[in-house]
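Undergrad:
2 protein chains.
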Amino acid sequence: MRSSETNQPAVILLSGGLDSATVLAMARRDGFACHCVTFDYGQRHRFEIAAAARVAESLGAASHRVAQLDPAAFAGSALTGDIAVPKGGGGGGNAIPVTYVPARNLIFLSYAVGLAEVLGARDIFIGVNQLDYSGYPDCRAEFIAAFERAANLATKVGVEGSPCRIRTPLIDMTKAQIIRAGTDLGVEYALTRSCYDPDQNGLACGGCEACMLRRAGFERAGVADPTGYAGAGCKA
Amino acid sequence: MRSSETNQPAVILLSGGLDSATVLAMARRDGFACHCVTFDYGQRHRFEIAAAARVAESLGAASHRVAQLDPAAFAGSALTGDIAVPKGGGGGGNAIPVTYVPARNLIFLSYAVGLAEVLGARDIFIGVNQLDYSGYPDCRAEFIAAFERAANLATKVGVEGSPCRIRTPLIDMTKAQIIRAGTDLGVEYALTRSCYDPDQNGLACGGCEACMLRRAGFERAGVADPTGYAGAGCKA
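Chains S and G supply the protein sequences, listed in that same order. Numbering that gives the first Met the number 0 applies: residue 0 is where the first sequence begins, and numbers increase by one. Numbering that gives the first Met the number 0 applies: residue 0 is where the second sequence begins, and numbers increase by one.
The following block contains the structure:
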């Protein structure tokens with residue numbers, strides 16, 4: 000993949016899901032040369048890594064790398080361990096769900112800060128949002144602001160007066176708003192993957208929290224859901 | 000390695016160097032069951048990884064793990080890349096040296112926060128100090144405080160009222176004070192490695208910044224320096 004960009008480099012945290020694909024499209028619209036990074040941290044839903052590569056290519060990323068992170072720190076979650084992924088929305092209200100992965104965005108953003116310094120990028124994009132989200136504490140604006148401050152005290156660029164900026168264009172958007180914005184920017188959502196518990200053919204389960212948020216988002220956005228769901232009668 | 004601890008678990012960032020060995024000894028003295036983590040991030044001075052394992056064992060750590068982190072984010076430093084390690088103390092005063100590794104402690108601490116949550120540990124020990132140090136921004140108390148705040152906004156334990164604590168017992172100590180404290184606690188400094196540019200036999204160069212700080216520390220502490228230095232006439 001080559002870039003014809005002459006604009007500023009940026010680092011994009013690209014998971015292969017719907018949100019980060021939309022963020023990449025927004026960063027491209029804003030003229031950034033987008034260097035995407037996807038993490039391989041032992042997640043159960045590894046099909047998102049291949050999806051991220053497809054998304055990066057389709058949206059004209061300047062580069063895409065898959066960074067290996069030792070999975071030890073990410074254990075004890077339904078997304079990485081032996082705990083079953085819950086289905087059907089039976090979560091406990093505002094409680095942090097079992098799909099929470101310890102310190103995930105903290106680690107991902109820290110890695111992105113290092114990568115940004117190496118690449119000479121000041122802007123780091125992450126697709127967190129605090130409305131239609133899953134109750135993860137590391138998706139809140141309060142965390143992002145505190146992280147940005149800490150990061151700029153840790154780095155040469157921060158100390159020398161060129162601080163990094165953590166950009167969260169989705170932070171206050173609903174899932175439906177995100178899907179409409181991405182559709183307007185030409186995001187091919189058929190390439191993205193959200194499911195926490197896909198089957199062996201890479202089809203989404205349709206029942207996990209990520210699938211339910213995604214399905215509801217397409218419905219509310221009035222956009223046809225291109226997701227391949229496993230099992231009869233699961234397709235909306 | 001087995002632990003007979005009944006006390007609280009803690010995560011110790013163990014580099015294999017002098018400082019973190021001393022920190023481990025302090026955490027053991029304070030009764031913690033010490034789970035040590037050493038990072039393999041493509042560093043030039045990889046002999047520190049084996050040193051860390053020896054140090055962990057000699058000081059009765061409850062566990063020691065080597066965590067692999069994709070080296071892409073750590074590039075562009077004399078410690079990881081093709082830049083030569085400077086010798087002889089010709090650094091630029093207060094400038095950040097070429098041995099600075101982008102966002103290193105930010106990434107290491109973030110990983111430790113995830114690991115601590117997995118292990119049920121609240122305390123994370125890191126051997127940063129802001130006196131006899133190398134001008135790295137991520138060794139300052141101001142960064143550590145900001146990081147701790149961000150981390151506790153990112154994690155389930157932080158949000159639910161059991162915040163992690165980043166412990167920096169060396170933060171205001173000189174290298175000589177660190178060596179004296181560690182000697183009193185029985186640290187075998189012969190097991191530790193500080194050099195940024197060891198030879199093929201694992202002998203310290205004696206001339207890089209880390210060697211110079213280490214040598215001066217032993218001299219000022221009045222403790223015999225057990226370091227194996229390469230070349231004739233280099234041993235203090």
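Where a beta carbon is used, it is the ideal one built from N, C-alpha and C, also for glycine. All of these numbers come straight from a predicted model, not from anything done at the bench.
Is the number of C-beta pairs between the region 59-72 of chain G and the region 98-114 of chain S that are closer than 8 angstroms three or more?
TA: Result yes; three or more Cβ-Cβ pairs closer than 8 angstroms.
Undergrad: So, helix, strand or coil for Phe124/G, using DSSP?
TA: In the second sequence, the residue the question calls residue 124/G occupies position 125. Looking at Phe124/G - three-state DSSP - the assignment turns out to be strand.
Undergrad: Which residues in the same chain have their Cβ closer than 7 angstroms to the Cβ of Leu202/S, if we skip the five residues on either side of it in sequence?
TA: The residue given as residue 202/S occupies position 203 in the first sequence. Closer than 7 angstroms at Cβ, skipping near neighbours: Gly227, Tyr228 and Ala229.
Undergrad: Distance, Cα to Cα, Pro8/S vs Asp122/S?
TA: Within the first sequence, numbered from 1, the residue matching residue 8/S stands at position 9. Within the first sequence, numbered from 1, the residue matching residue 122/S stands at position 123. When rounded, the distance between both Cα atoms is 8 angstroms.
Undergrad: Measure the Cβ-Cβ separation of Gln129/S and Ile165/S and say whether it is below 8 angstroms.
TA: To locate residue 129/S, count along the first sequence from 1; it is residue 130. To locate residue 165/S, count along the first sequence from 1; it is residue 166. Cβ distance not < 8 angstroms, so Gln129/S and Ile165/S don't count as in contact.
Undergrad: Answer yes or no: does any C-beta atom of chain S fall closer than 8 angstroms to that of Gly160/G?
TA: Translated into the one-based positions of the second sequence, residue 160/G becomes position 161. It does not; no Cβ of chain S falls within 8 angstroms.
Undergrad: Can you find a C-beta in chain S that's less than 8 angstroms from the C-beta of Ser109/G?
TA: Counting from one through the second sequence, the residue named residue 109/G turns up at place 110. It does: the Cβ of Ser109/G has a partner Cβ on chain S nearer than 8 angstroms.
Undergrad: Grouping DSSP H, G and I as helix and E and B as strand, with all else coil, what is Cys207/S?
TA: Reading the first sequence from its first residue, position 208 is the one you call residue 207/S. Reduced to three states, the DSSP call for Cys207/S is strand.
Undergrad: If I'm right that Gly126/G touches Ile95/G with Cβ under 8 angstroms, what's the distance once you round it to whole angstroms?
TA: Counting from one through the second sequence, the residue named residue 126/G turns up at place 127. Counting from one through the second sequence, the residue named residue 95/G turns up at place 96. Not really, about 19 angstroms apart at Cβ, beyond 8 angstroms.
Undergrad: Are there three or more Cβ pairs, one per stretch, closer than 8 angstroms when the region 152-161 of chain G is compared with the region 191-199 of chain G?
TA: Short answer: they don't touch.
Undergrad: Kindly list, in the order they appear in chain S, the residues whose Cβ is closer than 9 angstroms to that of Ala71/G.
TA: For this step, residue 71/G is matched to residue 72 along the second sequence. Those within 9 angstroms of Ala71/G in chain S are Val36, Arg64, Ala66, Tyr110, Gly113, Leu114 and Val117.
Undergrad: Going along the chain, which unbroken runs of the alpha helix (DSSP H) with 4 or more residues stay wholly within the region 18-58 of chain G?
TA: Listed in chain order, the complete alpha helix (DSSP H) runs (minimum 4 residues) inside the region 18-58 of chain G are 46-57.
Undergrad: With a cut-off of 8 angstroms on the beta carbons, I'd call Ala144/S and Cys163/S a contact; round off their distance for me.
TA: As a first step, residue 144/S is located in the first sequence; it is residue number 145 there, counting from the start. As a first step, residue 163/S is located in the first sequence; it is residue number 164 there, counting from the start. Not a contact, Cβ separation roughly 13 angstroms.
Undergrad: Counting contacts by CB-CB distance shorter than 8 angstroms, is Phe124/G in contact with chain S?
TA: Position 125 of the second sequence, counted from the start, is the residue given in the question as residue 124/G. Judged by the 8 angstroms Cβ criterion, Phe124/G is not in contact with chain S.
Undergrad: Compare the Cα-Cα distances from Arg139/S to each of Val186/S, Ala223/S, Ala102/S and Gly221/S and report the closest residue.
TA: Position 140 of the first sequence, counted from the first residue, corresponds to residue 139/S. Per the Cα distances, Ala102/S.
Undergrad: Can you tell me whether Glu141/G is buried or exposed, with buried defined as 16 or more other CB within 10 angstroms of its CB?
TA: Position 142 of the second sequence holds residue 141/G. Burial call: exposed.
Undergrad: Below 8 angstroms on C-beta distance, what does Ile95/G contact in chain S?
TA: The residue you call residue 95/G lines up with position 96 of the second sequence. Ordered by position in chain S, the residues that pass the 8 angstroms Cβ test against Ile95/G are Lys155, Val158 and Glu159.
Undergrad: With a floor of 3 residues, list each beta strand (DSSP E) that falls wholly inside the region 142-228 of chain G, ordered by position along the chain.
TA: Runs found: 164-166.
Undergrad: Pick helix, strand or coil for Ile106/S, following the three-state DSSP scheme.
TA: Indexing the first sequence from 1 puts residue 106/S at position 107. Three-state DSSP puts Ile106/S in a helix.
Undergrad: Taking only the alpha-carbon atoms, compute the straight-line gap between Asp39/S and Gly221/G and give it to the nearest angstrom.
TA: Counting from one through the first sequence, the residue named residue 39/S turns up at place 40. Counting from one through the second sequence, the residue named residue 221/G turns up at place 222. The straight-line gap from Cα to Cα measures roughly 48 angstroms.
Undergrad: Which residues of chain G have a Cβ atom closer than 7 angstroms to the Cβ of Asp137/S, listed in chain order?
TA: Position 138 of the first sequence, counting from 1, holds the residue named residue 137/S. The answer, in chain order, is Ala153.
Undergrad: Let's test the definition: count the other Cβ atoms within 10 Å of the Cβ of Asn104/G and tell me whether it reaches 16, buried, or not, exposed.
TA: Locating residue 104/G in the second sequence gives position 105, where the first residue counts as 1. With 16 or more other Cβ atoms within 10 Å, it is buried.
Undergrad: Of the choices Met172/S, Val65/S and Glu147/S, whose alpha-carbon is the least far from that of Ser161/S?
TA: The residue labelled residue 161/S in the question sits at position 162 within the first sequence. The shortest C-alpha separation from Ser161/S is found at Glu147/S.
Undergrad: Output the distance between the C-alpha atoms of Ala209/G and Gly119/G, rounded to the nearest integer angstrom.
TA: Locating residue 209/G in the second sequence gives position 210, counting from the first residue. Locating residue 119/G in the second sequence gives position 120, counting from the first residue. When rounded, the distance between both Cα atoms is 34 angstroms.
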